[in-house]
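Visitor:
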Amino acid sequence: MISLPSGTRIWLVAGITDMRKSFNGLGEQVQHVLNDNPFSGHLFIFRGRRGDMIKILWADADGLCLFTRRRYWPNQLSFSESCGMVMRMLMTLQGASPGRIPELMRDLASMGQLVKLPTRRERAFPRVVKERPWKYPTAPKKSQSVA
Numbered sequence: 163m164i165s166l167p168s169g170t171r172i173w174l175v176a177g178i179t180d181m182r183k184s185f186n187g188l189g190e191q192v193q194h195v196l197n198d199n200p201f202s203g204h205l206f207i208f209r210g211r212r213g214d215m216i217k218i219l220w221a222d223a224d225g226l227c228l229f230t231r232r233r234y235w236p237n238q239l240s241f242s243e244s245c246g247m248v249m250r251m252l253m254t255l256q257g258a259s260p261g262r263i264p265e266l267m268r269d270l271a272s273m274g275q276l277v278k279l280p281t282r283r284e285r286a287f288p289r290v291v292k293e294r295p296w297k298y299p300t301a302p303k304k305s306q307s308v309a
């Protein structure tokens, strides 16, 4: 846990920040957007475009510190993809030593929290089976001419 000195202000930078920026890029943004010195000892918090990542720029007596935090959201997988993932995890149990099986099962359970199955679709109309086309095309019928 890092304790902040008294009088430290926390700045939330409005807008979206390019998360590829590091010390220099974020320091320039503090100078130009906020008109503040990045070495003032205040915390500057930047948000990424998708909202799943923040960066915190802070200067202490030793220099600049850059903290990064990312939040992981559950992946939206289809039923077949999630079944395949579970099958691959269970196949790794074959080569595992018996002492590692409980650890691998805990890993499988924790990975299951990151997977979210799609909800069942509600259909407005009943499903209709379409007629399949013929495999071989038929020749057009010849018209008979009257002589």
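Residue numbers (this note's numbering): 163 to 309.
Heads up, the beta-carbon is just placed ideally off N, CA and C, and yes, glycines get one too.
Values in this document were obtained by computation on a predicted structure and should not be read as measured data.
1. So for Ile216, helix, strand or coil by DSSP?
2. For my contact list, Phe185 and Leu228 are in at a C-beta cut-off of 8 Å; report their separation, rounded to the angstrom.
3. Would you decide whether Gln191 is buried or exposed? Buried here means 16 or more other CB atoms lie within 10 Å of its CB.
4. Looking at the structure shown, is Leu255 part of a helix, part of a strand, or coil, going by DSSP?
5. Rounded C-beta distance between Ala221 and Phe201? I'm assuming under 8 Å.
6. I need the DSSP call for Phe229, collapsed to helix, strand or coil.
7. Between the alpha carbons of Pro264 and Val195, how many angstroms are there, rounded?
8. With distances taken between CB atoms, is the gap from Gly210 to Ile216 smaller than 8 Å?
9. Using a 10 Å radius around the Cβ and a threshold of 16 neighbouring Cβ atoms, would you call Gly177 buried or exposed?
10. Since I believe Thr170 is in contact with Leu205 (beta carbons under 8 Å), could you give me their beta-carbon distance rounded to a whole number of angstroms?
11. Around the Cβ of Thr254, are there at least 16 other Cβ atoms within 10 angstroms (buried) or fewer (exposed)?
Guide: Per the coordinate set shown:
1. Walking along the sequence shown from the start, residue 216 turns up at place 54. Correct three-state label for Ile216: strand.
2. Working through the sequence shown from its first residue, we reach residue 185 at position 23. Working through the sequence shown from its first residue, we reach residue 228 at position 66. Indeed, because the Cβ distance is near 6 Å, the residues count as touching under 8 Å.
3. To locate residue 191, count along the sequence shown from 1; it is residue 29. It is buried - the Cβ of Gln191 has at least 16 other Cβ atoms within 10 Å.
4. Here residue 255 corresponds to residue number 93 of the sequence shown, with the count starting at 1. Reduced to three states, the DSSP call for Leu255 is coil.
5. Stepping through the sequence shown from its first residue, residue 221 is reached at position 59. Stepping through the sequence shown from its first residue, residue 201 is reached at position 39. Yes, Ala221 and Phe201 are in contact; Cβ-Cβ is about 4 Å, under 8 Å.
6. For the purposes of this step, residue 229 is taken as the residue at position 67 of the sequence shown. DSSP places Phe229 in strand when its eight states are reduced to three.
7. Numbered from 1 along the sequence shown, position 102 holds the residue referred to as residue 264. Numbered from 1 along the sequence shown, position 33 holds the residue referred to as residue 195. Those two C-alpha atoms are separated by around 52 Å.
8. Within the sequence shown, numbered from 1, the residue matching residue 210 stands at position 48. Within the sequence shown, numbered from 1, the residue matching residue 216 stands at position 54. In this structure, Ile216 lies closer than 8 Å to Gly210 by Cβ.
9. Locating residue 177 in the sequence shown gives position 15, where the first residue counts as 1. Flag for Gly177 reads exposed.
10. Within the sequence shown, residue 205 is the residue found at index 43, counting from 1. Within the sequence shown, residue 170 is the residue found at index 8, counting from 1. 6 Å between Cβ atoms; contact.
11. Within the sequence shown, numbered from 1, the residue matching residue 254 stands at position 92. Burial call: exposed.
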